[in-house]
Amino acid sequence: MTFRITPAPLTLTGRLVELRPLERSHHDGLLDALREGDLWKNAWYTSVPSPEGLEAEIDRRIGLVATGGMIPFTAFDAEGRTLGLTSYYDIVDDVPRLHIGYTWNRPSAHGTGTNAESKLLLLRHAFEELGVYRVGLTTQWVNFQSRAAIERLGAKQDGVMRAISRYRNGALRDSVEYSIIEPEWPAVRATLEARLARRA
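With the sequence shown counted from 1, adding 8 to any position gets you my numbering.
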């Protein structure tokens, strides 16, 4: 299969969640999601923007679409409530590979199956429609919740990148790199589908 990602609008729909192309009109719903539980304060080690920085973050992600650097999505639940953001990024045609990340969701969505289904939708599209060979997932060493969620997917830990960048507060950040490669995808898909079937 020829790998080619274009910035054309792409909507991925499941039973619990729908991923729609990020638009500036999503600002108010995302702001509401941010303010639930003061996400930007309580998850300081994540990519969650502050309310004041949300508009700039939306513009940044949309701007990367034009360069082929990112395909950002807004996540909505089955009732149309805005949950948060996620993205394809670090897109490399000649491997081919990409990353899934820059993901955050409102706290009340945690444990509802929406994040698992989002990952299923994104991974299935990447492996089965785009023909990628490797999907990467990166999180911060101190983000134990994210690390556990990635490991539940069946992703393999590739290593720890020490002092790779800085947090907003200036502290050095260690990141953990995971990946799923194409031969592993059927088992990962089966695991995710089984988890979601228990919520039917």
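Glycine included, every Cβ here is placed at the ideal spot set by N, Cα and C.
Do you know how far the Cα of G139 is from the Cα of G167? 25 Å
Look at A124 and R197 and say whether their C-beta atoms are less than 8 Å apart. no
From the DSSP output, in three-state form, read off S173 for me. DSSP, reduced to helix, strand and coil, places S173 within a strand of the structure shown.
When you compare the CB positions of Y141 and P104, do they come within less than 8 Å of one another, or not? yes
Check whether the region 54-70 touches the region 17-26, counting contact only when three or more Cβ pairs, one atom from each stretch, lie closer than 8 Å. no
Have a look at R114, P80 and E65 and flag the residue whose alpha-carbon is nearest the alpha-carbon of D98. P80
Under three-state DSSP, which class holds E26? Secondary structure at E26: strand, using DSSP grouped into helix, strand and coil.
Express the C-alpha separation of S95 and W112 in angstroms, rounding to a whole number. When the Cα atoms are used, W112 and S95 turn out to be separated by approximately 10 Å.
Determine the burial state of G109: buried for a count of at least 16 other Cβ atoms within 10 Å of its Cβ, exposed for fewer. buried
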